[in-house]
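Asker:
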Amino acid sequence: MRPNPDYSAEQLLAAAREVLVRADAVKSGVWPRAAAHLCRQALESGLDEFWSRRVPGMQDLPLRAQLLCLPTFFNDTQLSYTISYTWAALSNACHHHVYELAPTASEIAVWIKTVEAMLEGFRRQ
Amino acid sequence: MIDAQLQSDVLDRLEQDQTIPDAVAHLVLAALLGEIEECLGGKTMSRPARQDKPAAEPVRAFIESITVEGFRGIGPGAKLSLRAGPGLTLVVGRNGSGKSSFSEALELLLTGENQRWNSNRAKIWKEGWRNLHHPHSTRIEAKIFIDGRAGHQTVTRTWKAGDALENGVATSALSSLGWQEPLSTYRPFLSYNELGSMLEEGPSRLFDALASILGLDDLLVAADALKETRTSRTKAHKAVTDKLDQIRKTLQEHPDERAPQALDALAGKTWDLRRVTALVSGDRVAEQDTETQRLRELANLQGPDPAAIKITAQALASAISARDSVAQSDAAKARRRAEILEKALSFHEHAGDGDCPVCGQTAALDKRWHLEAQEEVRKLRTESEAVDAAHRNLNQAEKTARQWITAAPKVVTDAALLDLWTRWKQGELKSGAELGAHLESLAPALHQAVLRVRQDAQAELQKRQDLWQPVAATLAEWLPAARKMLSERDAVGSLKAAEDWLRTLVLQIQNERFEPIKERVRRIWEKLRSQSHVQLEDVSFQGKSTARRVNLEVTVDGTRGAALGVMSQGELHSLALSLFLPRATLESSPFRFVIIDDPVQSMDPARVDGLAGVLDLVSKKRQVVIFTHDDRLPEAIRRLQIPAHIIEVLRRDGSVIELREVRSPVQQYLQDAFSLVSNKEIPQIIVDRVVPGLCRQSIEAACIEVVRRRLLHQGRPHEEVEQLLATHTKLLPRLALAFYDDADKAGDVYAGVKNRFGPWQADTIRMCNEGAHKGFSGDDPLGFVRNVEQLTEGILKLS
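Protein chains in written order, with this note's numbering: chain A, 15 to 139; chain B, 172 to 970.
Next comes the structure, spelled out in structure tokens:
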């Protein structure tokens, strides 16, 4: 069995951006959901890296708990709340919901921007 | 022109109506023939010959595709392909995906306008109609398939950069379709906005919208024409009486003696216009005016002519001097002497020579004496005659002179002139030189005075004419309108009666014609109302003109009430849909398509099921295209197994629109996953990290589908089911619901999967859950997706 390759948050985010413009992904109409999945994983993976550097062990807690603690350890409080909100939205988009359609391009753009800002913030700290 | 069948029907009813006065009946007929003015002008109206032409078969048009570029949410050209025939198509897209742009574009293309233009936000809409990413040119094209005709009609409307929305250029094919009227009558477009507003924008709007399908617009046009004519008449009559008020005021203060006469003729409500006409133009009447008559006489006043008088006076003077020259000779004495001598001669002739019989002189009378006496008599006679002539001449001259001396005409009242004239008259008693002097001395002064009085009178006359002239002109201008008004004295009343008759009839026919449609409205409402307690009892047209309304009679649990008062927003939308679907799908409509934009917005799930049923029914014979912003209607359509095509609209950056036909969410997620794993070009990171998530969503969707189907089938209320499904959003609880009807049994799910679908499928579930976060691990992603497919099929088979 092939091991699960460990992609960095940056790689995942780049993949999310790529899926938006790839002709084959676009043609099949898979891009909105694919981008949402990749973006959410970029967010989770970024958080994971942040905790392993700053508060090892925190990454094993449930995501909700991690996000609750984030403002305490991350110096950008406002961004922490935005990340929290974005994760909820991404998580929502990655489950099937009654009557809901795929996310829109503009929703995805906002999510990618937020994750970008998060990774940048984490790098600086 | 009015439909022949309808016209004939109306005229039959007109003839059968025994109560309608002839004048009114004629006006109704005239209105139907478009000859109201002629009728009022006295033309005799007669019923046109019957025409029994069968109504033309309407064409049956379907939409084959709609292509839109640079309009609203759509940038580069995007084509929505439809199946040109009866059937149901759902176009599903998130708000802002550009889906509504297709329906709006089609409406704009065909009608040249859009319902939203009339809304409160019209300005914003009008300004933002161009796509921001594609501002250069806008193009809307539709391919229209007409049943029974080969090929298709392509109609387009294009705008160049900078063109205003209303200045789009349409291809001639559009006008050749002749759809302008049917588009407003049958209106195959319905939008959420419209559904909401139709019942709230006032009862007359609803009335008009529904009445137009009944094909009675022409009758209303005729009624409107009657009304218009009446209003214009009332206005014209008011103008006449207003003007008369002004004229009366002017006349009351006018010095002319015609003024009171005119006032008299214009008194009351029936005016003596013949007399007024005479006062304005006729001289005959003016002669009765004594003051003017007096002035006219004075203006023509004649006095003695000084030049002629001078000649007369000279003649008189010469007659006088002629008489004076014979004044010394005594003509009488000479005549008497001549008479005596004649007698003496006569004596001598009888007596012969002898003595004088008078003085006795001896032998005085002899031959010689006789001859001398005869000569003397002749002389004497001549002398006396000259004197007589001089006297006669003088007499004649005096007589001539006196002829100048006349009394002042009665019309003269001027004191100075009268004084002069009295003195002038006194000359009558004078004679000879005195008379001549009288004439010569007074004539110039009298002449001057007469001249003065005459000129004064002429000036006064002119002044009077100048003053009357404008009044006469005003009256002359007023007269034709006044004459028309009097001749049409009863027209306004008749016009009103004709209009009322026609409108009452329209109402009656409306209700007659609406009867069969009403049944369809009720049927649709029955399907849509779901658990609503509101029962639609009757729909009828009532009232006229501004009081017109559609009466929607409903009962709530058996109690009567007014529809608008007792219904919720969702119910109102359903009611609007019930009213308008039958309209849009009438047999007489050339449109075999109905485009409905977002009908489900305020509907609860149960009503969505009802809507799905209604659409199923309608789409048996019509091409029904529904634009909708979420999966509620598609879900109901799939669950109720209603045949339909579902097209998903996605909008990417730059307003790039993608359209793809989709199946159920379960299949769609799977299809997406397959497309990723089977495409070698896709980078591994994307496959690894996206596929498990999609697979998890597919299984979740399958769970939801099976749970909803099962619970609804058990008779559980829609709301309760939706609540349950919305509460549990994770994979394991959803599987627990699918397996055990109990989300709390999530812990038993793996065992359940093993039992039901085989042990390897428990790994599939695990991979879905973990892989959604950490990515796919394994060698065979394609095999994994196939397992998921099998799993979903298994889940969907659960009862």
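Even for Gly, the Cβ is constructed at its ideal location relative to N, Cα and C. As the structure is a computational prediction, the values presented were derived from the model and not from experiment.
Between S22(A) and A56(A), what straight-line distance do the alpha-carbon atoms span, to the nearest angstrom?
Answerer: One C-alpha to the other measures close to 8 Å.
Asker: Which residues in the same chain have their Cβ closer than 7 Å to the Cβ of G256(B), if we skip the five residues on either side of it in sequence?
Answerer: Closer than 7 Å at the Cβ level, and outside the excluded window around G256(B), lie F233 and Q794.
Asker: Tell me, please, whether the CB atom of A79(A) is closer than 8 Å to any CB atom in chain B?
Answerer: By this cut-off, A79(A) is not an interface position.
Asker: Could you check where the alpha helix (DSSP H) with T128(A) kicks off and where it finishes?
Answerer: That run of the alpha helix (DSSP H) goes A119 to R138.
Asker: For L361(B), which residues of its own chain have a beta-carbon under 6 Å away from its beta-carbon, when the five flanking residues on both sides are left out?
Answerer: F751 and I767.
Asker: Count Cβ pairs between the region 618–631 of chain B and the region 417–435 of chain B that sit closer than 8 Å; are there 3 or more?
Answerer: The region 618–631 of chain B, when compared against the region 417–435 of chain B, does not touch it at the 8 Å Cβ threshold.
Asker: Can you tell me which of the three DSSP states Q868(B) falls into?
Answerer: Helix.
Asker: State the CB to CB distance for the pair A783(B) and I828(B), rounded to an integer number of angstroms; the pair is presumed to be in contact (CB under 8 Å).
Answerer: Between I828(B) and A783(B) the Cβ distance is about 26 Å, and since that is not below 8 Å, they are no contact.
Asker: A116(A): buried (16+ other C-beta within 10 angstroms of its C-beta) or exposed?
Answerer: Buried, since its Cβ has 16 or more Cβ neighbours within 10 Å.
Asker: May I ask which residues mark the beginning and end of the alpha helix (DSSP H) holding A30(A)?
Answerer: Here the alpha helix (DSSP H) through A30(A) covers A23 to V35.
Asker: From the beta carbon of E58(A), is the nearest beta carbon of chain B less than 8 Å away?
Answerer: Yes, E58(A) counts as interfacial toward chain B.
Asker: On the three-pair Cβ rule with 8 Å, is the region 708–727 of chain B touching the region 652–667 of chain B?
Answerer: They do not touch, by the three-pair rule.
Asker: Leaving out five residues before and five after K791(B) in sequence, what residues of the same chain have Cβ atoms less than 7 Å from its Cβ?
Answerer: Cβ within range, chain order: P257.
Asker: Can you find a C-beta in chain A that's less than 8 Å from the C-beta of V924(B)?
Answerer: Not one chain A Cβ lies under 8 Å of V924(B).
Asker: Applying the 10 Å Cβ sphere with the 16-neighbour rule, what's the burial state of T463(B)?
Answerer: Buried.
Asker: In terms of residue numbering, what span does the alpha helix (DSSP H) encompassing R625(B) cover?
Answerer: Element bounds for R625(B): G603 to S658.
Asker: Count the C-beta pairs between the region 634–654 of chain B and the region 393–400 of chain B that are closer than 8 Å, then say yes if the count reaches three, no if not.
Answerer: The answer is no - the region 393–400 of chain B does not touch the region 634–654 of chain B, with fewer than three Cβ pairs under 8 Å.
Asker: Are L390(B) and L673(B) closer than 8 Å when you measure CB to CB?
Answerer: Yes; because the gap between Cβ atoms is below 8 Å, this pair is in contact.
Asker: Identify every residue that forms a DSSP beta bridge with A249(B).
Answerer: DSSP, once it has assigned bridges, lists V239(B) as partnering A249(B).
Asker: Decide if T483(B) is buried, meaning its Cβ has at least 16 other Cβ atoms within 10 Å, or exposed.
Answerer: Classification for T483(B): buried.
Asker: Which class does E852(B) belong to by DSSP, given the choice of helix, strand or coil?
Answerer: Correct three-state label for E852(B): coil.
Asker: Going along chain B in order, which residues have a C-beta closer than 7 Å to the C-beta of D38(A)?
Answerer: Here the neighbours are N850, E852 and I853.
Asker: Please decide whether L27(A) counts as near chain B, where near means a Cβ-Cβ distance under 8 Å.
Answerer: No - not a single Cβ of chain B is within 8 Å of the one on L27(A).
Asker: Cβ closer than 7 Å: which chain A residues qualify as neighbours of P122(B)?
Answerer: Since the displayed chain B opens at 172 and closes at 970, residue 122(B) lies outside it and no answer follows.
Asker: Against chain B, does T118(A) count as a neighbour if the rule is that its beta carbon must be under 8 Å from one of theirs?
Answerer: Yes, because at least one Cβ of chain B sits closer than 8 Å to the Cβ of T118(A).
Asker: Nearest chain B C-beta to Q139(A) closer than 8 Å, yes or no?
Answerer: Output row for Q139(A): interface = no.
Asker: So R47(A) contacts chain B; which residues on that side make the cut at Cβ distance below 8 Å?
Answerer: What R47(A) touches in chain B: Y840, D843, V861, G864, L865 and Q868.
Asker: Please report the distance separating the alpha-carbon of R455(B) from that of T448(B).
Answerer: Below a pLDDT of 50, predicted positions are generally treated as unreliable, and R455(B), at 45, falls in that range; no measurement from the model is reported.
Asker: Tell me the start and end of each unbroken alpha helix (DSSP H) in the region 310–389 of chain B that is at least 4 residues and wholly inside, in chain order.
Answerer: For the region 310–389 of chain B, whole alpha helix (DSSP H) runs of length 4 or above, ordered along the chain, are 343–348, 351–357, 363–369 and 374–382.
Asker: Nearest-angstrom Cα distance between P770(B) and Y95(A)?
Answerer: For P770(B) and Y95(A), the distance between alpha carbons rounds to 37 Å.
Asker: Within its chain, find whatever has a CB closer than 7 Å to the CB of R720(B); leave out the 5 residues flanking it on each side and keep chain order.
Answerer: Closer than 7 Å at the Cβ level, and outside the excluded window around R720(B), lie P374, S375, F378, Q713 and G714.
Asker: Would you grab the beta carbon distance between V122(B) and L699(B) for me? Rounded to a whole angstrom, and I think it's under 8 Å.
Answerer: Lying outside 172 to 970, the shown extent of chain B, residue 122(B) is not represented and no answer is given.
Asker: Are the region 380–388 of chain B and the region 675–684 of chain B touching, with three or more C-beta to C-beta distances below 8 Å?
Answerer: Flag = yes, the region 380–388 of chain B and the region 675–684 of chain B touch.
Asker: At what residue ranges does the region 750–796 of chain B contain a whole run of the alpha helix (DSSP H), taking only runs of 4 or more?
Answerer: You should have 776–789.
Asker: Could you say which of A488(B), T309(B), A653(B) and A755(B) lies nearest to W442(B) if we only look at CA atoms?
Answerer: Comparing Cα-Cα distances from W442(B) to each of A488(B), T309(B), A653(B) and A755(B), the minimum goes to A653(B).
Asker: Could you tell me whether any Cβ in chain B is nearer than 8 Å to the Cβ of S42(A)?
Answerer: Interface residue, yes.
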